Structure formats: C-alpha cells, structure tokens
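Numbering (the working numbering), first residue to last: 12 to 71.
A virtual CB, placed ideally from N, CA and C, is assigned to each residue, including glycine.
Note that the structure is predicted; figures quoted are calculated from it, not measured.
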C-alpha cells in the first residue's frame, strides 16, 4: 500500500474503515458474526461497545 492510500484511509470514513477503526478492532474487537451482505459485526470483550464494518461503500 502506498503512502497516499495510507493517508486517504487515515482521514476518510466513506472508503471503508479508517486506520484508527482498524487498529481498535484489532486490539479490542471480538468478531460476533457477519450477514449475507458481507458486513462484519464486532463487540468488545466486556460487551459495552459494538460496531459494524460495512462491506463496500458506506451509505451516508
């Protein structure tokens, strides 16, 4: 991955998960499952937070 792509991922949320979200998911995320659309669901180990990594472009 080039430096430009890394910078774009660091500041844009509409092109997929940001680097910060990817890092948080890697450190704290427990995969719960996925749906037929390809979205992946996560939660923290204590169950206080949950989030989704959408497949493809986000709808805003």
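| Query | Result |
| --- | --- |
| Taking DSSP as the reference, what is the three-state secondary structure of residue 17? | helix |
| My understanding is that residue 64 touches residue 51, with C-beta atoms under 8 Å, so please give their C-beta distance in whole angstroms. | 5 Å |
| Pull up the distance between the alpha-carbon of residue 34 and that of residue 27, whole angstroms please. | 13 Å |
| So, using beta-carbon positions, are residue 66 and residue 44 closer together than 8 Å? | no |
| Enumerate, from N- to C-terminal direction, the unbroken beta strand (DSSP E) stretches of 3 or more residues contained entirely within the segment 39-63. | 40-45 and 51-55 |
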